[in-house]
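To convert a position in the sequence shown, counted from 1, into this note's numbering, add 988.
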Amino acid sequence: MSIGNLENLQTLSRRSKGAKEVLVLNCEDVVPKASQVREKFSGIEELAASIKVNGQEQPIIVHPKGNDGKYRIQKGERRWRACKLAGLKIEVIVNKKELDELDETAGELIENIQRENLTPIEIARGFQKFITAGWKAVDVSKRLGKSRGYVSQHLALLKLPECVMALYDEDITSDPETLNILRQIYDIAPAQAEILCRKALDEGISRKAARQLHKQAKASTLPDDPNPNLVSETTSSISAADSFPSTSPTGEGSENDTLTHADTSKGNRKKGREVPSHQTEPNTSQPAKLRQVARLNVEDTSKKWLEAEPSAARIVVSLEEGGARRTGILLLDRVDLEPGYCWIRLDDDNEDTLIRVMVSEVQLVGVEGGV
């Protein structure tokens, strides 16, 4: 069989997939939707080059032809932009099912969040469409399969003051928790927050530093000229280097121990962006060693837990609390002094509600990427 026949069979296979008719249209006959969740489209030139060589692997989804003779995109605007740039025709599937705007928004959010193709602000604006339509945050979380805390945390990004938003716009940090902590610092001490954000534009800021600065702000001890890379000394009498190896399964730097600083190396990275710490060998004996450290320090601390290196992942759990089923995040920055217990931060609209529970009472719900 010739190469040409193989290519024809491949094309026919793609077009018959799912028993849905695939149309081949001029890009000019297709128009983008008016309220696209995604605002930034990256890698269009690379995708256009790939489609030229390999063809369009998956058709885009469009509405039936409108009165203007155009097909409006439901899903696949990035592929349409690439085909248009490459001067190619585009394969489409016409979805005749009537969808309201929120159904389309839900589809976009679910698809792109899973692919990590949306920025936190784009996600927040997508969630806001549901809130504007009268939905509660808990209902949005159920519709989209995300935790309530995830939804609330992103919605709070729409309240960022200008100085904090500048850190996001300049790619200093896109971490929702860091941005929201800085917003809370601004609410407490706006003058110091302005100075902090200006310095962070040059020096960067880590999530761990933001948390410590927030504690200072709440205690009215935030300096007039705050340091965006503040890192407090460990309260343990044992050296952190000797006692607390990384809890990351791969041995990589943790989300809170990711130092943020001006990048002095050569390359295209912007100044002040978050950079990962150097990779280390995994410590397979870590759990036993942590338990040993805990026993050694029981008499040395009034706390019921010791500091540890957290992972970059967010472990979503559920548990019974106050007669209701609640969700929360398993805290990986501490090790309980009593084996069999752990600490959970409940989903309480950005309030720091921490509880100590038995591990056996906690149910794993999911794992979200480091944010």
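Ideal Cβ positions, reconstructed from N, Cα and C, are used throughout, including at glycine.
In this text the structure is predicted, and so the values were computed from the model without any measurement.
I'd like the list of long-range same chain contacts for LEU1342, defined as Cβ closer than 8 Å, with 5 residues on each side in sequence excluded.
As a working note, residue 1342 is residue 354 in the sequence shown. Same-chain partners within the cutoff: LEU1319, TRP1331, ILE1332, ARG1333 and LEU1334.
Measure the Cβ-Cβ separation of ASN1083 and GLN1062 and say whether it is below 8 Å.
Here the question's residue 1083 lines up with position 95 in the sequence shown. Here the question's residue 1062 lines up with position 74 in the sequence shown. For ASN1083 and GLN1062, yes; Cβs fall inside 8 Å.
Go through its chain and collect everything with a Cβ distance to ARG1131's Cβ below 7 Å, but skip five positions before and after it.
Taking the sequence shown and counting its residues from 1, the one referred to as residue 1131 is at position 143. ALA1094.
Pairwise C-alpha distance: VAL1050 and LEU1076:
Taking the first residue of the sequence shown as 1, we reach residue 1076 at position 88. Taking the first residue of the sequence shown as 1, we reach residue 1050 at position 62. The straight-line gap from Cα to Cα measures roughly 17 Å.
Supposed close pair ALA1205, ILE1176 - CB separation, criterion 8 Å
By 1-based counting over the sequence shown, the position of residue 1205 is 217. By 1-based counting over the sequence shown, the position of residue 1176 is 188. Their Cβ separation, rounded to whole angstroms, is 4 Å, which keeps ALA1205 and ILE1176 in contact under 8 Å.
According to the neighbour-count rule (16 or more other Cβ atoms, all chains shown, within 10 Å of its Cβ), is ASP1190 buried or exposed?
Here residue 1190 is taken as the residue at index 202 of the sequence shown, counted from 1. The residue in question, ASP1190, is exposed, as its Cβ has fewer than 16 Cβ neighbours within 10 Å.
Please tell me whether VAL1010 and PRO1052 are closer than 8 Å, where the distance is taken between their beta carbons.
On the sequence shown, residue 1010 is found 22 positions in, with the first residue counted as 1. On the sequence shown, residue 1052 is found 64 positions in, with the first residue counted as 1. No, Cβ-Cβ distance for VAL1010 and PRO1052 is not below 8 Å.
Between LEU1097 and the rest of its own chain, which residues show a CB-CB distance below 8 Å, the 5 nearest in sequence each way excluded?
Reading the sequence shown from its first residue, position 109 is the one you call residue 1097. Answer for LEU1097: VAL1025, LEU1106, ILE1111, GLY1114, PHE1115 and LEU1132, listed in chain order.
If you reduce the DSSP assignment to three classes, tell me which class VAL1019 lands in.
Taking the sequence shown and counting its residues from 1, one reaches residue 1019 at position 31. Here VAL1019 sits in strand by DSSP.
How big is the Cα-Cα spacing for LEU1146 and ALA1188?
Position 158 of the sequence shown, counted from the first residue, corresponds to residue 1146. Position 200 of the sequence shown, counted from the first residue, corresponds to residue 1188. Roughly 20 Å separates the two Cα atoms.
Taking only three categories from DSSP, how would you classify SER988?
Outside the shown range of the chain, which is 989 to 1359, sits residue 988, and nothing can be said about it.
Run of the alpha helix (DSSP H) containing ILE1169, from where it starts to where it stops
To locate residue 1169, count along the sequence shown from 1; it is residue 181. Where ILE1169 is concerned, the enclosing alpha helix (DSSP H) stretches over 1164–1176.
May I have the straight-line CA-CA distance separating ASP1213 from GLN1180, to the nearest angstrom?
Looking up residue 1213 in the sequence shown gives position 225. Looking up residue 1180 in the sequence shown gives position 192. Each residue's Cα considered, the two are about 7 Å apart.
Report the rounded CA-to-CA distance for ASN1217 versus VAL1018, giving the unit in angstroms.
The sequence position of residue 1217 within the sequence shown is 229, counting from 1. The sequence position of residue 1018 within the sequence shown is 30, counting from 1. Each residue's Cα considered, the two are about 49 Å apart.
Nearest-angstrom beta carbon gap, GLN1200 and PRO1164 [assumed within contact, 8 Å]:
Taking the sequence shown and counting its residues from 1, one reaches residue 1164 at position 176. Taking the sequence shown and counting its residues from 1, one reaches residue 1200 at position 212. The Cβ separation is near 18 Å, so there is no contact.
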